Amino acid sequence: MEKDCDFSSLKLELKEKIQTLIGKMQQTLNGLDEEETCILNEFGQIGGEINRIESLAASFYLKCYISSYTDKYSEISYSVRNLSQRRHGALIVIQREDALERLITPGVSIDANLTCSLLESVFVPGGPLHDGAVLVQGNKIASAANVLPLTNLVTDRKLGTRHRAALGLTERSDAFVIVVSEETGKASFSIEGNMYAFATESSD
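Taking full-length UniProt numbering, the leading residue of the sequence shown gets 1, the next gets one more, and so forth.
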């Protein structure tokens, strides 16, 4: 984790939100003692608050990991949310300190400023570039349709090729890799050979 990230402020905000959530859950629990009370709305509110807390934590960690290496953090985050909602599979590599040329089989050079529309267009299903990985270097999309090394350590057979590729690269470098599953739309990120699921911020 980046040394300049202020974990204390995040932890304080998360504690406050979790305490509020616990209070809401206690009220819902108490409502079960009242025979005429329907608590379905309360369950919906609790679920929504859990998603918001997860999104807050995910946003913080993503920013900590990549904001020192690209100014396009917001564009990447927004694009991942859109790709996730559309269930467009994606594999996005953000280069950090380590050079990646020796690890990545190069695809198609793009060398263009990173924008939401450009990043999302790469992963349109059926397009010529959507199956490979996008490589982000600084504020640019350096290339697309890159092939990453696969991990040999995965025991979970449910992990697809994109997830295995993300793990494979982060086992061998300090790269930060974001994956969007085309089957579920769920987003994950990999760093240091570990995979973490995270909720993308809602557009509501």
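Glycine included, each C-beta is placed from N, C-alpha and C at the ideal position. Owing to the predicted nature of the structure, the values given are computational and were not obtained by experimental measurement.
- DSSP places phenylalanine 198 inside the beta strand (DSSP E), whose first and last residues are 194-198.
- Collapsing the DSSP output to three states places glutamine 137 in a strand.
- In this structure serine 59 is not in contact with serine 109, their Cβ atoms being roughly 31 Å apart against a cut-off of 8 Å.
- Counting other Cβ atoms within 10 Å of its Cβ, isoleucine 191 reaches 16 or more and is therefore classed as buried.
- Here the C-alpha atom of threonine 70 lies approximately 14 Å from the C-alpha atom of tyrosine 61.
- Within the same chain, Cβ atoms closer than 7 Å to the Cβ of phenylalanine 123 are found at Leu83, His88, Gly89, Ala90, His130, the five residues on either side in sequence being excluded.
- Secondary structure in the region 21-106: the beta strand (DSSP E) runs of 3 residues or longer, each lying completely within the stretch, are 90-94 in chain order.
- The region 163-180 makes no contact with the region 37-57, as fewer than three CB pairs between them are under 8 Å.
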